[in-house]
Amino acid sequence: MIKMIHSYWAYIVLIVLILAVFNAIKGFTSKKEFGTNDLRISLFALIASHIQLILGFIAYYMSSFYETMRGVGMGDVMKNSELRKLLVEHPVMMIIAIILITVGFSKHKKKATAIAKFKTISIFYTIALLIVLAMIPWNLWFTN
Ligand code: HEM
Ligand code: HEM
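Numbering-wise, the sequence shown is residues 175 to 318 according to the numbering used here.
In C-alpha cells, the structure reads:
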C-alpha cells in the first residue's frame with residue numbers, strides 16, 4: 175500500500191521537478207521578474223519531494239527487501255547489486271537529491287535579484303533532477 179503510494183507519488187515528484195527546472199532555466203535565460211508562480215512551482219517541488227522522503231522511509235521499513243536484509247545481514251546486501259540498489263543506493267542518493275532541492279530553495283530566498291534566484295534554483299534543482307532520474311528503479315516502476 176505505502177509502497178504503491180511511494181510509487182505513484184514519484185510521478186508527481188518527477189513532473190513537478192521537471193516543470194520547476196524548466197521554469198527556473200527559462201526565468202534565468204529570459205531575465206524576467208521572479209513572480210508568485212515562480213515561487214509556487216519551486217515550493218511545490220520542495221513539498222512534493224519532502225512528502226516522497228517520508229513515504230520512502232515508510233516504504234523502506236515495510237518493503238520485502240528490508241525483510242531480506244534483516245534475514246541475510248548487511249554484508250550480503252552489499253554484495254548483491256539488486257538489494258544494494260534499493261536498500262542503499264536509491265535511498266542515499268534520493269536523500270541527497272532532496273537535500274539539494276531544500277538547500278536550493280532556502281538559498282534562493284536569500285538572493286536579492288530575480289536572476290540570482292532563478293540561477294540558484296536552476297543549478298540545485300537540475301542536479302537533483304539528474305540524480306532522481308539516475309536512481310529511479312525504472313525496471314520496478316514499470317513492471318509493478
Ligand atoms: C523527514 C521529513 C522532513 C525533513 C527532514 C524536512 C526537512 C526540511 C528542511 C531542512 C527544510 C528547510 C528549512 C529552510 O531552511 O528553509 C524544510 C522546509 C520545508 N518543508 Fe520539510 N522536511 C520533511 C518533511 C516535510 C513534509 C512532509 C512537508 C509537507 C507536507 C514539508 C514541507 C516543507 C516546506 C513547505 C518547507 C519550507 C518552506 C519555506 O522555506 O518556505 N516537509 N524541510
Ligand atoms: C525523489 C525521491 C524519490 C523518488 C522519485 C523515488 C521513486 C521510487 C520509485 C519510482 C520506486 C519504484 C516503486 C515501484 O515498485 O513501483 C521506488 C522504490 C523504493 N523506494 Fe523510492 N524514491 C525516492 C526516495 C526514496 C527514499 C528517500 C527512500 C528511503 C528512505 C526510498 C525507498 C524506496 C524503497 C525501499 C523502494 C522499494 C520498494 C519495494 O519495492 O519494496 N525512496 N522509489
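Heads up, the beta-carbon is just placed ideally off N, CA and C, and yes, glycines get one too.
Nearest CA to the CA of residue i: which residue from the options?
i	options	result
Ile295	Leu229, Lys200, Val266, Leu227	Lys200
Ile269	Ile215, Leu213, Ile305, Ile289	Ile305
Phe218	Val187, His264, Ile297	Val187
Ile228	Arg214, Ser181, Leu213, Lys205	Ser181
Met236	Leu274, Ser216, Lys177	Lys177
Lys293	Thr203, Ala233, Asn254	Thr203
Ala194	Lys253, Leu220, Asp250	Leu220
Pro311	Gly230, Thr210, Met252, Ile289	Gly230
Thr210	Met267, Lys291, Ile179, Gly278	Lys291
Met175	Lys253, Gly278, Ile189, Tyr234	Tyr234
Asn313	Pro265, Glu256, Ile297	Glu256
Val190	Thr317, Tyr299, Arg244	Tyr299
Which residue marks the beginning of the alpha helix (DSSP H) containing residue i, and which one marks its end?
i	result
Glu256	255-258
Val190	176-204
Glu241	238-246
Thr317	312-317
Thr300	288-309
Leu274	264-284
Which whole-angstrom value describes the C-beta separation of residue i and residue j, a residue pair presumed to lie in contact below a C-beta threshold of 8 Å?
i	j	result
Ser223	Ile272	5 Å
Leu274	Ile192	With 8 Å as the limit, Leu274 and Ile192 do not qualify as a contact, their Cβ atoms being about 15 Å apart.
Lys206	Ala288	7 Å
Met309	Met267	4 Å
Trp183	Ile225	7 Å
Give a yes or no on contact between the region 194-209 and the region 281-297, applying the rule of three or more CB pairs nearer than 8 Å. yes
Count the C-beta pairs between the region 234-250 and the region 260-278 that are closer than 8 Å, then say yes if the count reaches three, no if not. yes
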